[in-house]
Amino acid sequence: MRLTESHVSFFQDNGYLLLEDALDENDLGPVIAEYEGIIAERAEELHAEGKVSDTYADKPFTERLLHLANEAPEVTANLDIMRARGEATFNFLKNPKILDIAEFFVGSEIICNPIQHIRAVLPKEKSKRAPTPWHQDAGVCWPDTDPYFMLTVWIPIVDATLENGCLQVMPGSHKMGLFRHDWNEAGLAVLPENQPSNLTPKALPIRAGGVILFHNYTLHSAKPNESESVRWSFDLRYHDVYQPTGRPFYPAFLMRSRLRPEAEQTEYKSWCQRWEFALENSKGAQAYRWPR
Ligand SMILES: O=C(O)CCC(=O)C(=O)O
Ligand SMILES: [Fe+2]
23 MRLTESHVSF FQDNGYLLLE DALDENDLGP VIAEYEGIIA ERAEELHAEG KVSDTYADKP
83 FTERLLHLAN EAPEVTANLD IMRARGEATF NFLKNPKILD IAEFFVGSEI ICNPIQHIRA
143 VLPKEKSKRA PTPWHQDAGV CWPDTDPYFM LTVWIPIVDA TLENGCLQVM PGSHKMGLFR
203 HDWNEAGLAV LPENQPSNLT PKALPIRAGG VILFHNYTLH SAKPNESESV RWSFDLRYHD
263 VYQPTGRPFY PAFLMRSRLR PEAEQTEYKS WCQRWEFALE NSKGAQAYRW PR
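Each residue of the sequence shown is one higher than the last, beginning at 23 in our numbering.
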């Protein structure tokens with residue numbers, strides 16, 4: 023995808039940028055297949071244990087997890103990137119198309135930040151979690167990242183619609199500094215009384231294959247999932263190698279270095295090992311500047 027100065031100036035003015043069709047089937051297919059495999063394996067296990075009445079093998083990717091979760095909610099546990107640690111997912115983190123987009127904004131020495139997720143958002147009546155509340159990603163980092171720019175890349179792997187809980191942003195909010203965040207039942211949130219009253223939220227429905235970029239100070243949230251299917255998306259973060267990550271007890275990976283290509287940390291096995299070690303040894307670490 024060729025980015026131009028007008029993309030950059032839109033991003034600088036608004037704090038976000040939506041790029042349709044940045045990725046295709048070859049990029050998303052392996053990740054979907056990997057998660058289909060993980061879910062199929064769990065379905066078989068749960069069925070063998072008598073916890074689900076059916077493996078729901080005939081259901082599409084956007085629905086199978088939901089049917090299983092209706093009977094065995096534990097099926098949704100540990101699906102996140104660093105817990106499931108699939109190789110296709112790891113390859114996705116260093117997908118050259120994503121790194122090319124990131125390079126345009128963060129330069130050529132690109133760290134893949136450990137604050138990264140794949141989210142399988144269930145329809146709201148079925149979900150134990152409220153939709154992601156209004157927040158800034160700077161707010162979920164340690165304050166040592168405050169002076170720096172970090173790029174969030176939000177990637178739907180199924181179409182994200184107004185109905186199934188697409189992302190929404192407050193354009194211009196990235197120029198207003200850090201807002202106060204408070205914990206509520208939805209998570210760490212900028213409560214309505216602390217939000218800028220002069221800005222209007224903009225919902226960003228986007229087809230699978232598109233990507234949304236935003237700034238670490240952009241206020242954003244997710245709409246509720248009012249559909250009958252699962253909203254699957256990635257949110258990944260990239261920044262320059264010399265910046266802190268905001269979660270120093272988790273591993274960061276130099277995914278691209280034009281200056282020192284030999285220093286790149288793009289090996290699947292060591293990615294797995296470093297995450298295993300970090301998850302095992304960081305229990306109880308303070309993840310947020312605002313304690314719960
Ligand atoms: O996908 C969501 O529900 C929230 C995403 C988000 O907060 C982020 O990408 O930083
Ligand atoms: Fe966020």
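Virtual Cβ for every residue (Gly too), placed ideally from N, Cα, C.
Separation of Gln138 from Glu56, as counted between CA atoms: One-based indexing of the sequence shown puts residue 56 at position 34. One-based indexing of the sequence shown puts residue 138 at position 116. When rounded, the distance between both Cα atoms is 17 Å.
Inter-residue Cα distance where the pair is Leu189 and Arg269: Along the sequence shown, one-based indexing puts residue 189 at 167. Along the sequence shown, one-based indexing puts residue 269 at 247. The alpha-carbon atoms of Leu189 and Arg269 are separated by roughly 24 Å.
Trp293: CB within 6 Å of a non-hydrogen atom of ligand 1: In the sequence shown, the residue the question calls residue 293 occupies position 271. Result no, Cβ not under 6 Å from ligand 1.
Distance CB(Pro155)-CB(Ser243) smaller than 7 Å: Against the sequence shown, residue 155 aligns to sequence position 133. Against the sequence shown, residue 243 aligns to sequence position 221. Less than 7 Å divides the Cβ of Pro155 from the Cβ of Ser243.
Beta-carbon proximity check, Ala160 vs Asn216, cutoff 7 Å: Translated into positions along the sequence shown, residue 160 becomes position 138. Translated into positions along the sequence shown, residue 216 becomes position 194. Contact flag unset, no.
Whole-Å CB distance - Tyr38 paired with Val212, under 8 Å assumed: Position 16 of the sequence shown, counting from 1, holds the residue named residue 38. Position 190 of the sequence shown, counting from 1, holds the residue named residue 212. So it is not a contact: roughly 16 Å between Cβ atoms.
CA nearest to the CA of Trp297, picked from Val97, His29, Arg107 and Lys73: Here the question's residue 297 lines up with position 275 in the sequence shown. Selected option, being the one with the closest Cα: Arg107.
beta-carbon Ser304 near ligand 1 non-hydrogen atom, thresh 6 Å: As a first step, residue 304 must be located in the sequence shown, where it is residue number 282. No - ligand 1 has no heavy atom lying nearer than 6 Å to the Cβ of Ser304.
Rounded Cβ spacing between Leu25 and Phe126 (contact assumed at less than 8 Å): The residue you call residue 25 lines up with position 3 of the sequence shown. The residue you call residue 126 lines up with position 104 of the sequence shown. About 5 Å; that satisfies the 8 Å criterion.
Within 7 Å, strictly: CB atoms of Leu50 and Ile234: Translated into the one-based positions of the sequence shown, residue 50 becomes position 28. Translated into the one-based positions of the sequence shown, residue 234 becomes position 212. No, Cβ-Cβ distance for Leu50 and Ile234 is not below 7 Å.
Status (buried if at least 16 other CB within 10 Å, exposed otherwise) for Asp35: Along the sequence shown, one-based indexing puts residue 35 at 13. Exposed.
Integer Cβ distance of Glu152 from Glu207, believed to fall under 8 Å: Stepping through the sequence shown from its first residue, residue 152 is reached at position 130. Stepping through the sequence shown from its first residue, residue 207 is reached at position 185. The question names Glu, but residue 152 in the sequence shown is Ala. Correct: roughly 6 Å between the Cβ atoms.
Residues that Glu131 bridges to, as DSSP identifies them: The count along the sequence shown starts at 1 and reaches residue 131 at position 109. According to DSSP, which records beta bridges pairwise, Glu131 is partnered with Ser279.
Meets three-Cβ-pair contact criterion under 8 Å: the stretch 258-272 and the stretch 62-72: In short, these stretches do not touch, since the Cβ pair count stays below three.
Residue(s) in a DSSP beta bridge with Leu87: Translated into the one-based positions of the sequence shown, residue 87 becomes position 65. Beta bridge pairing from DSSP links Leu87 with no other residue.
Counted within 10 angstroms of its Cβ, other Cβ atoms place Tyr264 as buried (16 or more) or exposed: The residue given as residue 264 occupies position 242 in the sequence shown. Counting the other CB atoms within 10 Å of its CB gives Tyr264 a total below 16, which places it among the exposed residues.
Host alpha helix (DSSP H) of Ala70 (start-end): Here residue 70 corresponds to residue number 48 of the sequence shown, with the count starting at 1. Where Ala70 is concerned, the enclosing alpha helix (DSSP H) stretches over Glu47 to Ala70.
Segments of 3+ residues assigned as beta strand (DSSP E) that fall wholly inside the stretch 216-257: Unbroken beta strand (DSSP E) runs of no fewer than 3 residues, entirely contained in the stretch 216-257, are found at 224-226, 233-237 and 242-244, following chain order.
Tyr290 versus Asn220 - alpha carbon distance: For this step, residue 290 is matched to residue 268 along the sequence shown. For this step, residue 220 is matched to residue 198 along the sequence shown. Looking at the two C-alpha atoms, the distance is approximately 46 Å.
Beta-carbon proximity of Glu131 to Ser292, cut-off 7 Å: Position 109 of the sequence shown, counting from 1, holds the residue named residue 131. Position 270 of the sequence shown, counting from 1, holds the residue named residue 292. No, the pair does not count as a contact, with Cβ atoms beyond the cut-off.
DSSP beta-bridge partners of Val191: Taking the first residue of the sequence shown as position 1, residue 191 is located at position 169. Residue pairing by DSSP puts Val191 in a beta bridge opposite Lys224 and His242.
Close-in-space but distant-in-sequence residues of the same chain around Leu87 (CB under 8 Å, 5 per side omitted): Within the sequence shown, the letter at position 65 stands for residue 87. Answer for Leu87: Ile61, Val97, Thr98, Ala142, Leu144 and Val252, listed in chain order.
Proximal residues to Arg311 (C-beta, below 7 Å), its chain only, five neighbours per side dropped: On the sequence shown, residue 311 is found 289 positions in, with the first residue counted as 1. Hits under 7 Å: Trp164 and Pro165.
Between the CA atoms of Pro273 and Val175 - distance to the nearest angstrom: The count along the sequence shown starts at 1 and reaches residue 175 at position 153. The count along the sequence shown starts at 1 and reaches residue 273 at position 251. The alpha-carbon separation between Val175 and Pro273 amounts to approximately 18 Å.
Nearest to Gly199 (by Cα), restricted to the options His157, Asp262 and Leu210: What you label residue 199 is simply residue 177 of the sequence shown in a count that begins at 1. For Gly199, the closest alpha carbon among the candidates His157, Asp262 and Leu210 is that of His157.
Contacting residues, own chain, Cβ-Cβ under 7 Å from Lys245 (five flanking each side not counted): Position 223 of the sequence shown, counting from 1, holds the residue named residue 245. Leaving aside the five residues that flank Lys245 on each side, the residues in its chain whose CB is nearer than 7 Å to its CB run, in chain order, Pro153, Leu184, Gly187, Cys188, Gln190 and Ala225.
Classification of Trp254 by the beta-carbon crowding that lies within 10 angstroms, buried from 16 upward: Here residue 254 is taken as the residue at index 232 of the sequence shown, counted from 1. The residue in question, Trp254, is buried, as its Cβ has 16 or more Cβ neighbours within 10 Å.
Exposed unless 16 or more other CB atoms sit within 10 angstroms - verdict on Leu281: For this step, residue 281 is matched to residue 259 along the sequence shown. Exposed, since its Cβ has fewer than 16 Cβ neighbours within 10 Å.
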